[in-house]
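All remarks here apply to the structure that follows.
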Amino acid sequence: MQKAIRATAILLVVGLLFALIIYNSMNPPKPETKVWEKGMTLGDANSAEHVFYDYTDIMCPYCDKFAIAMDKHLDDFKKEYVEDKKVFYELRLTNLLAGFHPNEEGLVANSTNSALAGYCASDQGNFWGWYGWILDKMNEDFFSKGIGDSATAKQKIPKLEVKYFTGVGEEVSGINEARLTECVEKKETASKLSQNTQKSAKIISGGLPYYVFNSYVAPGFDGNWEVDHDWENARVMFDAGIASKKK
Amino acid sequence: MVFRKIGKRVKYFATTALDRAKFSLVSIGFLLKRPAYLLSFLVALFVFLYLLSFFKDGMSNWSLLCSNLPFGSKLNILGQVALKILNNFTDLYGVLIIFMSILQALTVMLLIFTWKSRKKDQAIDGASTGSIGAVFGFVALGCPTCGLSLLTPILTAIAGTGAVAAAEGISRILIILAFILLIYTVIKLGYTSFIAISTNKYKEKKHAKSN
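Protein chains in written order, with our numbering: chain A, 1 to 247; chain B, 1001 to 1211.
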């Protein structure tokens, strides 16, 4: 009898845990609809029929799987979703990983400096150019070699110099390298980054990346670093987002 | 003197545990030779492999299934998860998933046998410990800060986003606990099954002799 009561109690606790997960995923906090950073958006917020917020951190491996696939198919995304389906997309860049892993000195510095550089590039007017450039660079230097901050990576990314994130040379039009470096070193965009990261922390409930596409909300991105495969997975998510629009 | 006593106890415990593990392996081997139990093991293995592969990506598959996607797309997602079972053989987490699924399937098979052998108390005991191990496994696998673990939504629901910082440490502890509990359950149920099998064999022999 006692054992049966114990087993029932255990089953109840297990059931409650899963109910908590499901309740949490069904009732996500509502994101702020005001644009956070104009330079990190695609489409027109005023005439949009669909709204897609993508919470990310440049040092987050699964965010970058999605971001690299997006970058390689950016023209397809702009044509099919932004223009035809009137999607407004905003990348909400954070340094949340610095807070998630406070004891990993390298990750804290990289997460913060990469995000600062992102906001600085946005201030210079070509965030998307810089973003594509840094994603390619990180993929070539780390992810393609199995180096990264994911649970299965062979090796962690070491602490990188500020120059790693700002050394664009002539590769990205409209970005002045010296000015970008100065902006990151002087932490000119720190308050913007800190503000947006704090707001993100209140929204996300399942780790990064975190997607809010109309009323479709999903943490995590399932991909395998094969751009076209990842793009197909991303498209399934976009379709789920568009289908979730309440009429 | 005290150390000698402790040493003796540890030695006794280790020997008993090892013996029980050996006996449970014998009973597992015996049951796997029976088609009905082999089938229950294989079905349970597939179910656990499927579920663990489904939740390996945290809530992303679940979110897609709950979305307004057409039925065909949802079926496609479910099919993709079945294919992911094969991908498990290529990475470390996949191997953990396979090993955990084998332990869970063995637990189910042994539970069926002990329940049928009228050892319901032991079966309930095994079911309780085994289910805690299984839940720990489900919750902890994946990358907690990457949105690829069920642990993060639980932690954030209880303690807010700040708790994500602790998620990786907790997930490692839970995975270890899951394996310990599942191995303990398999050994315990396996040993009970061994006794039941031996008793049955003895009874059969006695019955044959008396005839």
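Even glycine gets a Cβ: it sits at the ideal position worked out from N, Cα and C.
Values in this document were obtained by computation on a predicted structure and should not be read as measured data.
| query | Is Asp101(A) helix, strand or coil by DSSP? | reply | One point to set straight first is that residue 101(A) is His, not Asp, in the sequence displayed. Coil at His101(A), not helix or strand.
| message | What does the alpha-carbon distance come out to for the pair Leu969(B) and Val227(A)? | response | Nothing can be reported for residue 969(B): it is not among the residues displayed for chain B, which extend from 1001 to 1211.
| Within 8 Å, strictly: CB atoms of Ser200(A) and Thr112(A) | When the beta-carbon positions are compared, Ser200(A) and Thr112(A) stay at least 8 Å from each other.
| query | Of the choices Ala4(A), Lys137(A), Lys186(A), whose alpha-carbon is the least far from that of Ala67(A)? | reply | Of the listed residues, the one whose Cα sits closest to Ala67(A) is Lys137(A).
| task | Go ahead and label Gly1190(B) buried or exposed: buried means 16 or more other beta carbons lie within 10 angstroms of its beta carbon, across all protein chains shown. | result | Looking at its Cβ environment, which holds 16 or more other Cβ atoms inside 10 Å, Gly1190(B) is buried.
| Is it true that the CB of Gly15(A) sits closer than 8 Å to the CB of Thr1156(B)? | No.
| said: Please report whether the beta-carbon of Ile21(A) lies at a distance below 8 Å from any beta-carbon of chain B. | reply: Yes, Ile21(A) counts as interfacial toward chain B.
| request: Could you list which residues in chain B have their beta carbon closer than 8 Å to that of Ile10(A), in chain order? | output: The CB of Ile10(A) comes closer than 8 Å to the CB of Ser1128, Ser1131, Ile1132 in chain B, given here in chain order.
| said: Can you give me the C-alpha to C-alpha distance between Pro209(A) and Leu1111(B), rounded to a whole angstrom? | reply: Approximately 40 Å, taken between the alpha carbons.
| query | Is it true that the CB of Ser1193(B) sits closer than 8 Å to the CB of Leu1032(B)? | reply | Not a contact, by the Cβ cut-off of 8 Å.
| query | Buried or exposed: which applies to Ala117(A), given that a residue is buried once 16 or more other Cβ atoms fall within 10 Å of its Cβ? | reply | The residue is buried, with at least 16 neighbouring Cβ atoms inside 10 Å.
| query | Out of curiosity, what's the CA-to-CA distance linking Ala218(A) and Ser1063(B)? | reply | If you draw a straight line from the Cα of Ala218(A) to the Cα of Ser1063(B), it comes to about 6 Å.
| message | What does DSSP give as the partner residue(s) for Gln155(A) in the beta ladder? | response | Gln155(A) pairs with Ile147(A).
| What's the gap between the Cα of Gly968(B) and the Cα of Asn214(A)? | The structure shown does not extend to residue 968(B), since chain B spans only 1001 to 1211, so no value can be given for it.
| Do the segment 35-47 of chain A and the segment 169-186 of chain A make contact, defined as three or more Cβ pairs closer than 8 Å? | No: the two stretches stay apart, fewer than three of their Cβ pairs being nearer than 8 Å.
| task | Using alpha carbons as the reference points, say which of Leu20(A), Ala4(A), Pro158(A), Arg6(A) lies closest to Ile1154(B). | result | Among Leu20(A), Ala4(A), Pro158(A), Arg6(A), the Cα nearest to that of Ile1154(B) is on Leu20(A).
| message | Can you tell me where the alpha helix (DSSP H) holding Arg1172(B) begins and where it ends? | response | Where Arg1172(B) is concerned, the enclosing alpha helix (DSSP H) stretches over 1164-1210.
| field | CB contact check: Phe100(A) to chain B, cutoff 8 Å | value | Yes - at least one Cβ of chain B is within 8 Å of the one on Phe100(A).
| task | Going by CA-CA distance only, name the one from Met1059(B), Leu1141(B), Phe1046(B), Ser1053(B) that's closest to Tyr23(A). | result | With distances taken between Cα atoms, Tyr23(A) lies closest to Met1059(B).
| task | Quick one: which residues of the segment 1154-1182 of chain B get their C-beta closer than 7 Å to a C-beta of chain A? List them in chain order. | result | Cβ proximity to chain A below 7 Å picks out Ile1154, Thr1156, Ala1157, Thr1161, Val1164, Ala1165 from the segment 1154-1182 of chain B.
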